[in-house]
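*Asks:* The sequence shown begins at 29 in my numbering and counts up one residue at a time.
Below is the structure I would like to discuss, written out as structure tokens.
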Amino acid sequence: MLLTELGTPVVLAPMAGGPSTPELAAAVSEAGGLGFVAAGYLSTGALGERIAATRALTGKAFGVNLFYPSAPTPTDRFASYIEDIAREFPIGEARHDTDEWDEKLALLLADPVPVVSCTFGCPSAEEIARLHGVGSEVWVTVTSVAEAQLAVEAGADALIAQGAEAGGHRGNFADRVEDDVTDPLGLLALLQLLRAAVDVPLIAAGGIATGAGLAAALAAGAAAAQIGTAFLRCPEAGTAPLVRTAVTLDTPTMLTRAFTGRRARGLVNKFMLEHTGAPAAYPEIHYATGPLRAAARAEGNADAVNLWAGQAHSLAPELPAGELVRQLSQDAKSALNRALSWGI
Ligand SMILES: Cc1cc2nc3c(=O)[nH]c(=O)nc-3n(C[C@H](O)[C@H](O)[C@H](O)COP(=O)(O)O)c2cc1C
Numbered sequence: 029m030l031l032t033e034l035g036t037p038v039v040l041a042p043m044a045g046g047p048s049t050p051e052l053a054a055a056v057s058e059a060g061g062l063g064f065v066a067a068g069y070l071s072t073g074a075l076g077e078r079i080a081a082t083r084a085l086t087g088k089a090f091g092v093n094l095f096y097p098s099a100p101t102p103t104d105r106f107a108s109y110i111e112d113i114a115r116e117f118p119i120g121e122a123r124h125d126t127d128e129w130d131e132k133l134a135l136l137l138a139d140p141v142p143v144v145s146c147t148f149g150c151p152s153a154e155e156i157a158r159l160h161g162v163g164s165e166v167w168v169t170v171t172s173v174a175e176a177q178l179a180v181e182a183g184a185d186a187l188i189a190q191g192a193e194a195g196g197h198r199g200n201f202a203d204r205v206e207d208d209v210t211d212p213l214g215l216l217a218l219l220q221l222l223r224a225a226v227d228v229p230l231i232a233a234g235g236i237a238t239g240a241g242l243a244a245a246l247a248a249g250a251a252a253a254q255i256g257t258a259f260l261r262c263p264e265a266g267t268a269p270l271v272r273t274a275v276t277l278d279t280p281t282m283l284t285r286a287f288t289g290r291r292a293r294g295l296v297n298k299f300m301l302e303h304t305g306a307p308a309a310y311p312e313i314h315y316a317t318g319p320l321r322a323a324a325r326a327e328g329n330a331d332a333v334n335l336w337a338g339q340a341h342s343l344a345p346e347l348p349a350g351e352l353v354r355q356l357s358q359d360a361k362s363a364l365n366r367a368l369s370w371g372i
């Protein structure tokens, strides 16, 4: 298990759509954590280039994260939403695709990496066995005990326990509007429930931005933390300038389907507030809103851009990624020592 070989229990969250770069992944791996290459939204060719670029920067282990594909959404579920936003904004074709799942899997089978993680669903037992066959560990993002049990049955080596606090998309296997009436589990509750239910290593994700947060996750039974938002301001990250500034503000976050049709946590803005009833239709709405998001980003207009960030976003420091990994690690040790004296 790769986790036990890490110098520090920090996993860089894959952050598709800009923030993830080979430089960021390599800096985290070089500092003793585990860097990740985000495959989401990339062509298979571009993913191959990112993997090669990361290998050129570090000889240490890193992982690759894939989006698990979902079935096409019936058009009648999102047609009126698209008509509504098209009245005000430029929009694209509301199409469906698999994010090149088969092609990306084939690439990773031909040219393996130490860890393949997955979000939005669980690979089949056969797919996991094939990845095991080429020496890769398979980590699956889960948000509930039921998902964890399915992933363990399919053969997952470790689970990324994603709490409600997490920035970006929820990793739920099924994303149904009907489920919005219930709250997603917070990280602490989820870790305790998973620790009681399954016997594989857990990687805690959601709202961890300091060594004390990392220590809390470890104390609750996680083997490591997967941290995203706290790395958004690192110079190695490809974060858009508008997002770099926005995360420093004391803006609340909320879950929204407005930009992509899949629930994701971001800083509250006008577009989110005006489209709270957006339907569950991923990736169709992601493609439909692409042009409006690109236009707003080019204009520096934060009101119509998805500002994905976790609940502890205002703590993200402007530090080189390696320094951030070292700081998280040292501060976690101090926090755990403090806790051992019962907080006195
Ligand atoms: C900008 C951004 C992009 C993200 N993209 C991905 C992704 O491509 N794949 C994935 O599994 N998780 C993605 N996530 C979710 C992270 O894996 C993780 O759950 C989250 O960052 C943890 O919460 P935190 O942001 O508060 O640290 C993303 C998160 C953010 C903030």
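Beta carbons are placed, not taken as given, at the ideal position from N, Cα and C, and that holds for glycine.
Because the structure is a prediction, the values reported are computed rather than measured.
Expressed to the nearest angstrom, what Euclidean distance is found between the alpha-carbon atoms of residue 329 and residue 273?
*Replies:* When rounded, the distance between both Cα atoms is 12 angstroms.
*Asks:* Between which two residues does the beta strand (DSSP E) carrying residue 357 extend?
*Replies:* Run containing residue 357: none in the beta strand (DSSP E); it sits in the alpha helix (DSSP H), 349-368.
*Asks:* Under 7 angstroms, do residue 218 and residue 191 count as touching if we go by C-beta distance?
*Replies:* Yes, these two residues count as a Cβ contact at 7 angstroms.
*Asks:* Could you please give the first and the last residue of the uninterrupted alpha helix (DSSP H) stretch that includes residue 133?
*Replies:* Per DSSP, residue 133 belongs to the alpha helix (DSSP H) from 129-138.
*Asks:* Drop a sphere of 10 angstroms on the beta-carbon of residue 151, count the other beta-carbons inside from all chains shown, and report buried for 16 or more, exposed for fewer.
*Replies:* So residue 151 ends up on the buried side.
*Asks:* At which residues does the alpha helix (DSSP H) containing residue 33 begin and terminate?
*Replies:* Run containing residue 33: none; DSSP gives neither H nor E here.
*Asks:* Taking the C-alpha atoms as reference points, what is the distance between residue 70 and residue 210?
*Replies:* Near 33 angstroms, if we compare the C-alpha coordinates of residue 210 and residue 70.
*Asks:* Taking the runs of the alpha helix (DSSP H) that are 4 residues or longer, which of them lie wholly in the segment 213-271?
*Replies:* Entirely contained in the segment 213-271, the alpha helix (DSSP H) runs reaching 4 residues are, in chain order, 215-225 and 239-247.
*Asks:* Measuring only the C-alpha atoms, how far is residue 159 from residue 183?
*Replies:* C-alpha separation (whole angstroms): 11 angstroms.
*Asks:* May I ask whether a heavy atom of ligand 3 can be found less than 6 angstroms away from the beta carbon of residue 233?
*Replies:* Inclusion of ligand 3 in the displayed structure is not the case, the ligand content consisting of ligand 1 alone.
*Asks:* Measuring from the CB of residue 129, is there a heavy atom of ligand 1 at a distance below 6 angstroms?
*Replies:* No, Cβ of residue 129 sits at least 6 angstroms from all heavy atoms of ligand 1.
*Asks:* Does the distance between the C-beta of residue 363 and the nearest non-hydrogen atom of ligand 1 fall short of 6 angstroms?
*Replies:* Every heavy atom of ligand 1 is 6 angstroms or more from the Cβ of residue 363, so no.
*Asks:* Helix, strand or coil for residue 341? Go by DSSP, reduced to three states.
*Replies:* Note: residue 341 maps to helix in three-state DSSP.
*Asks:* Tell me the start and end of each unbroken beta strand (DSSP E) in the segment 168-219 that is at least 3 residues and wholly inside, in chain order.
*Replies:* DSSP runs (the beta strand (DSSP E)) wholly in the segment 168-219: 186-190.
*Asks:* Could you pull the start and end residues of the alpha helix (DSSP H) that residue 108 belongs to?
*Replies:* That run of the alpha helix (DSSP H) goes 107-114.
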